[in-house]
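Enquirer: Residue numbers (this note's numbering), protein chains in the order written: chain A, 3 to 264; chain B, 3 to 264. Glycine included, C-beta positions come from ideal geometry on N, C-alpha and C. This one's a predicted model, so the numbers in the text were calculated from it and none came from an experiment.
Number of protein chains: 2
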Amino acid sequence: MKLGRFEQQGRIFHGAVEGDQVAELEGSIFDRYRATSKKHALSTLKTLVPCVPANFYCAGLNYAAHIEWANKRAGLNRKPPEKADIGYRSPNALIATGESIVIPADSPGPVQFEGELVAVIGKKARNLSEQDALSCVLGYTLGNDLSERSWQKQDRTLWRAKNCDTFKPMGPFIATGLDPMKLTVGIRVNGATATEYDTGKMLFSAQHYIAQITRYMTLYPGDVLWLGTDNATEPDLKDGDTVEIYQQDIGVLTNPVRRARA
Amino acid sequence: MKLGRFEQQGRIFHGAVEGDQVAELEGSIFDRYRATSKKHALSTLKTLVPCVPANFYCAGLNYAAHIEWANKRAGLNRKPPEKADIGYRSPNALIATGESIVIPADSPGPVQFEGELVAVIGKKARNLSEQDALSCVLGYTLGNDLSERSWQKQDRTLWRAKNCDTFKPMGPFIATGLDPMKLTVGIRVNGATATEYDTGKMLFSAQHYIAQITRYMTLYPGDVLWLGTDNATEPDLKDGDTVEIYQQDIGVLTNPVRRARA
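1) Does the count of Cβ pairs from the stretch 57–73 of chain A and the stretch 173–189 of chain A closer than 8 Å reach three?
2) Count the other CB atoms within 10 Å of the CB of Leu78 (chain B); is the residue buried (16 or more) or exposed (fewer)?
3) Which residue's Cα is closest to the Cα of Pro275 (chain B): A:Asp241, A:Asp87, A:Thr220?
4) Inspect the CB distances between the stretch 96–109 of chain B and the stretch 119–130 of chain B and report whether three or more fall short of 8 Å.
5) Quick check for students: name the residue ranges of the beta strand (DSSP E) that lie wholly in the stretch 201–233 of chain A, counting only runs of 3 or more.
6) What does a CB cutoff of less than 6 Å around Thr216 (chain B) pick up in its chain, not counting 5 residues either side in sequence?
7) Figure out for me which residue from A:Asn192, A:Asp22, A:Thr197 has the closest Cα to the Cα of Leu47 (chain A).
8) Is there contact between the stretch 240–247 of chain B and the stretch 142–150 of chain B, where contact requires at least three CB pairs shorter than 8 Å?
9) Tell me where the alpha helix (DSSP H) around Lys74 (chain A) begins and ends.
10) Answer with buried or exposed for Lys4 (chain B), where buried requires no fewer than 16 other C-beta atoms within 10 angstroms of its C-beta.
11) Just to confirm the assignment, what range does the alpha helix (DSSP H) spanning Lys164 (chain B) have?
12) State whether the stretch 197–204 of chain B contacts the stretch 148–157 of chain B, with contact taken as three or more CB pairs (one from each stretch) at a distance under 8 Å.
13) Measuring alpha carbon to alpha carbon, tell me which of B:Gln114, B:Gly12, B:Asp33 ends up nearest Asn257 (chain B).
14) What is the rounded straight-line gap between the Cα of Leu44 (chain B) and the Cα of Gly253 (chain B)?
15) Hey, out of B:Arg158, B:Leu63, B:Gly193, B:Asp87, whose CA is closest to Leu1 (chain B)'s CA?
16) Let me know the secondary structure DSSP gives Thr244 (chain B) once reduced to three states.
17) Just the C-alpha distance for Asn73 (chain B) and Gln156 (chain B), rounded to the nearest angstrom, thanks.
18) Between Lys41 (chain B) and Val24 (chain B), how many whole angstroms is the CB-CB distance? I'm expecting something under 8 Å.
19) Could you check whether the Cβ of Thr38 (chain A) sits closer than 8 Å to any Cβ belonging to chain B?
20) Find out if the Cβ-Cβ distance for the pair Val226 (chain A), Thr168 (chain A) is shorter than 8 Å.
21) Which same chain residues end up closer than 8 Å to Arg80 (chain A) when comparing Cβ atoms and leaving out the 5 residues on each side of it in sequence?
22) To the nearest whole angstrom, what separates the beta carbons of Ile176 (chain A) and Pro82 (chain A), a pair I think is in contact under 8 Å?
23) When the Cα atoms are used, what is the spatial distance from Thr201 (chain B) to Asp134 (chain B)?
24) Between Arg162 (chain A) and Tyr90 (chain B), what straight-line distance do the alpha-carbon atoms span, to the nearest angstrom?
25) Could you have a look at Thr235 (chain A) and say whether DSSP puts it in helix, strand or coil?
26) If Leu205 (chain B) sits next to Ala76 (chain B), beta carbons under 8 Å apart, how far is it from one beta carbon to the other, in whole angstroms?
27) Who are the Cβ neighbours of Ala287 (chain A) in its own chain at under 7 Å, not counting the five residues just before and after it?
28) When the Cα of Ser39 (chain B) is compared with those of B:Phe32, B:Asp33, B:Glu28, which residue comes out closest?
29) For Pro106 (chain A), would you say it is in contact with chain B, using Cβ-to-Cβ distances shorter than 8 Å as the test?
30) Residues of the stretch 163–179 of chain A in Cβ contact with chain B at a cutoff of 8 Å, in chain order, please.
31) Taking the Cβ atom as the reference point for each residue, do Ala86 (chain A) and Tyr211 (chain A) lie within a distance shorter than 8 Å?
32) Pick helix, strand or coil for Pro106 (chain B), following the three-state DSSP scheme.
33) Could you round the C-beta distance between Val191 (chain B) and Pro237 (chain B) to whole angstroms and report it? I think they count as a contact, below 8 Å.
34) Please report the distance separating the alpha-carbon of Val120 (chain A) from that of Leu160 (chain A).
35) Name the DSSP beta bridge partners of Pro258 (chain A), please?
36) Does the beta carbon of Asn94 (chain A) come closer than 8 Å to any beta carbon on chain B?
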């Protein structure tokens with residue numbers, strides 16, 4: 003099943019997506035819900051970010067080929083992480099499919115995509131074993147962890163490198179019933195495939211991350227865990243581009259790119 | 003004025019605190035509100051975290067004497083930051099005054115307090131000048147940026163060093179009308195003053211941080227900016243301690259400390 007969040011004339015609701023139709027849901031996708039008899043053509047609705055997380059976790063450096071590429075590109079020698087330490091992003095930066103990524107006027111660049119699988123938490127969870135870890139996941143969506151590489155290198159933290167307004171496209175929908183370790187995620191820029199990778203190559207699995215997080219933290223419904231990206235993240239993005247993150251069950255997260263005028 | 007968030011028999015509301023009385027408010031403290039005729043004795047209410055931020059910003063290394071002390075203690079040579087780069091904390095870790103800080107069973111320690119002034123955003127803001135920066139602030143509260151020093155040193159990120167459940171006490175109230183650069187913040191452990199410092203010694207002012215953040219990010223009502231701590235953060239905290247962060251206009255943020263059993 004594919005779940006989404008939609009707006010129609012100022013009213014916000016969740017819906018189940020079936021092809022080009024959306025069945026409106028009653029209740030919360032994080033609690034109980036049921037389909038109503040109201041159906042909408044998907045094209046008549048504005049698709050919103052599928053959830054707004056209270057806690058926004060991310061796995062860094064979670065694929066070997068991406069680390070190798072990043073080292074080569076930046077002249078660094080970062081080793082694969084020894085542990086599943088997690089990072090944070092911030093909801094201010096979230097945008098939905100169709101909305102514009104805005105590169106700040108003073109960005110030295112390059113700005114690059116990072117296409118990621120995202121686990122959406124469905125149930126409050128603490129102290130889960132790896133074996134039970136996925137029991138708290140409602141489903142999976144896609145994220146684009148936009149990264150300003152100059153600021154990533156210069157700054158003491160990742161604040162403006164990763165969290166500028168519009169730098170965290172997420173969506174389009176949450177797909178349930180997937181095995182997060184057996185998916186292919188792809189990225190297209192202006193219609194041309196930039197890269198595809200298999201989530202089975204994660205250095206630390208979704209299960210391992212969730213088990214580790216819940217040793218110390220309570221996961222809440224709507225929290226998200228972005229699971230990292232593989233391979234090179236080129237070509238660099240520029241004004242007028244369109245970037246798409248895709249996975250066959252979840253759909254396509256599409257965002258135009260523009261540069262702010264100074 | 004002092005604004006707080008309270009619970010009474012499962013009902014949550016904001017109130018204006020006057021001495022030991024709370025005048026119940028109607029509406030949102032982040033929009034329009036007015037006092038109602040309902041008054042409560044403060045002692046009959048549970049005081050909650052005064053707001054739950056969507057975006058949780060923090061200034062790191064924002065006082066010279068704290069950096070010097072931390073270098074000496076850890077044998078490091080960190081210089082004062084050259085820029086107001088900001089970090090992130092996560093709402094899972096928030097607790098209110100009166101609630102217990104729980105040190106994880108596997109913490110090698112030490113766990114230390116960091117008593118901080120916290121700016122609470124009241125209005126949506128983008129591209130503020132330093133001169134106008136405080137116009138978006140509703141008021142100020144206090145935070146205790148609990149830190150597990152072994153994990154802070156060992157891990158690639160600050161996730162469990164700073165964001166374990168219960169590691170971010172915040173409150174008790176939001177005081178309006180303060181000058182954030184002219185306050186004295188103090189910390190007591192088991193009733194004895196550990197340290198006091200003047201916020202005028204910030205390396206980068208509240209105004210500067212807010213102006214910098216809003217160059218790249220939209221601040222939203224309820225967002226918080228923790229402004230760093232000064233001086234040594236000792237004594238180390240242990241099971242059975244009580245730690246208090248205080249400032250005369252805001253009040254006292256009091257939390258008992260316990261260690262989880264393995």
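Expert: Concretely, from the data shown:
1) Two segments are said to touch when three or more pairs of C-beta atoms, one from each, lie closer than 8 Å; by this definition the stretch 57–73 of chain A does not touch the stretch 173–189 of chain A.
2) By 1-based counting over the second sequence, the position of residue 78 (chain B) is 76. Counting Cβ neighbours within 10 Å, Leu78 (chain B) comes out exposed, since fewer than 16 surround it.
3) Outside the displayed span of chain B (3 to 264) sits residue 275 (chain B), for which this structure offers no information.
4) Using a Cβ-Cβ distance cut-off of 8 Å, the stretch 96–109 of chain B and the stretch 119–130 of chain B are not in contact, since fewer than three pairs of beta carbons, one from each stretch, lie closer than that value.
5) The qualifying runs are 226–228.
6) Start at 1 with the first residue of the second sequence, and residue 216 (chain B) comes out as number 214. Contacts found: Ala127, Arg128, Asn129, Leu130.
7) One-based indexing of the first sequence puts residue 47 (chain A) at position 45. Minimum Cα distance to Leu47 (chain A) is reached at A:Asp22.
8) By the criterion of at least three beta-carbon pairs nearer than 8 Å, the stretch 240–247 of chain B is in contact with the stretch 142–150 of chain B.
9) Taking the first residue of the first sequence as position 1, residue 74 (chain A) is located at position 72. First-last of the alpha helix (DSSP H) with Lys74 (chain A): 66–76.
10) Stepping through the second sequence from its first residue, residue 4 (chain B) is reached at position 2. Buried, by the Cβ-count rule.
11) Here residue 164 (chain B) refers to the residue found at position 162 of the second sequence. Boundaries of the alpha helix (DSSP H) harbouring Lys164 (chain B): 161–165, taken from the DSSP string.
12) For the pair of segments examined, the stretch 197–204 of chain B was found not to touch the stretch 148–157 of chain B: the number of CB pairs separated by less than 8 Å stays below three.
13) What you label residue 257 (chain B) is simply residue 255 of the second sequence in a count that begins at 1. Checking every option, the nearest Cα to that of Asn257 (chain B) belongs to B:Gln114.
14) Position 42 of the second sequence holds residue 44 (chain B). Position 251 of the second sequence holds residue 253 (chain B). Each residue's alpha carbon lies about 13 Å from the other.
15) Chain B is shown from 3 up to 264; residue 1 (chain B) falls before or after that span and cannot be answered.
16) Numbered from 1 along the second sequence, position 242 holds the residue referred to as residue 244 (chain B). Three-state DSSP puts Thr244 (chain B) in a strand.
17) For the purposes of this step, residue 73 (chain B) is identified with residue 71 of the second sequence, where counting begins at 1. For the purposes of this step, residue 156 (chain B) is identified with residue 154 of the second sequence, where counting begins at 1. Going from the Cα of Asn73 (chain B) to the Cα of Gln156 (chain B) covers about 16 Å.
18) Looking up residue 41 (chain B) in the second sequence gives position 39. Looking up residue 24 (chain B) in the second sequence gives position 22. Rounded, the Cβ-Cβ distance is 7 Å, consistent with contact.
19) Taking the first sequence and counting its residues from 1, the one referred to as residue 38 (chain A) is at position 36. Cβ-Cβ to chain B under 8 Å: no for Thr38 (chain A).
20) Mapped onto the first sequence, residue 226 (chain A) falls at position 224. Mapped onto the first sequence, residue 168 (chain A) falls at position 166. Cβ atoms of Val226 (chain A) and Thr168 (chain A): not closer than 8 Å.
21) What you label residue 80 (chain A) is simply residue 78 of the first sequence in a count that begins at 1. Only Leu63, Ile69, Ala72, Asn73 meet the Cβ criterion.
22) Start at 1 with the first residue of the first sequence, and residue 176 (chain A) comes out as number 174. Start at 1 with the first residue of the first sequence, and residue 82 (chain A) comes out as number 80. No, Ile176 (chain A) and Pro82 (chain A) are not in contact; Cβ-Cβ is about 29 Å, not under 8 Å.
23) As a first step, residue 201 (chain B) must be located in the second sequence, where it is residue number 199. As a first step, residue 134 (chain B) must be located in the second sequence, where it is residue number 132. Going by the C-alpha atoms only, they are around 19 Å apart.
24) The residue you call residue 162 (chain A) lines up with position 160 of the first sequence. The residue you call residue 90 (chain B) lines up with position 88 of the second sequence. Roughly 12 Å separates the two Cα atoms.
25) What you label residue 235 (chain A) is simply residue 233 of the first sequence in a count that begins at 1. Thr235 (chain A) falls in the coil class under three-state DSSP.
26) Here residue 205 (chain B) refers to the residue found at position 203 when the second sequence is read from its first residue. Here residue 76 (chain B) refers to the residue found at position 74 when the second sequence is read from its first residue. At roughly 19 Å, the Cβ-Cβ gap does not stay under 8 Å, so Leu205 (chain B) and Ala76 (chain B) are not in contact.
27) The requested residue 287 (chain A) does not occur in the structure, where chain A is confined to residues 3 to 264.
28) For the purposes of this step, residue 39 (chain B) is identified with residue 37 of the second sequence, where counting begins at 1. The shortest C-alpha separation from Ser39 (chain B) is found at B:Glu28.
29) As a first step, residue 106 (chain A) must be located in the first sequence, where it is residue number 104. So, interface residue.
30) Under the 8 Å Cβ criterion, the stretch 163–179 of chain A contributes Asn165, Cys166, Asp167.
31) In the first sequence, counting from the first residue as 1, residue 86 (chain A) sits at position 84. In the first sequence, counting from the first residue as 1, residue 211 (chain A) sits at position 209. Yes, they are a contact pair.
32) If you number the second sequence from 1, residue 106 (chain B) lands on position 104. Residue state for Pro106 (chain B) is assigned as coil, using DSSP reduced to three classes.
33) What you label residue 191 (chain B) is simply residue 189 of the second sequence in a count that begins at 1. What you label residue 237 (chain B) is simply residue 235 of the second sequence in a count that begins at 1. That pair is a contact at about 6 Å.
34) Taking the first sequence and counting its residues from 1, one reaches residue 120 (chain A) at position 118. Taking the first sequence and counting its residues from 1, one reaches residue 160 (chain A) at position 158. In this structure, the alpha-carbon of Val120 (chain A) lies about 19 Å from that of Leu160 (chain A).
35) To locate residue 258 (chain A), count along the first sequence from 1; it is residue 256. Looking at the DSSP assignment, Pro258 (chain A) forms a beta bridge with A:Thr244.
36) Along the first sequence, read from residue 1 onward, the residue named residue 94 (chain A) stands at position 92. At a cut-off of 8 Å between beta-carbon atoms, Asn94 (chain A) makes contact with chain B.
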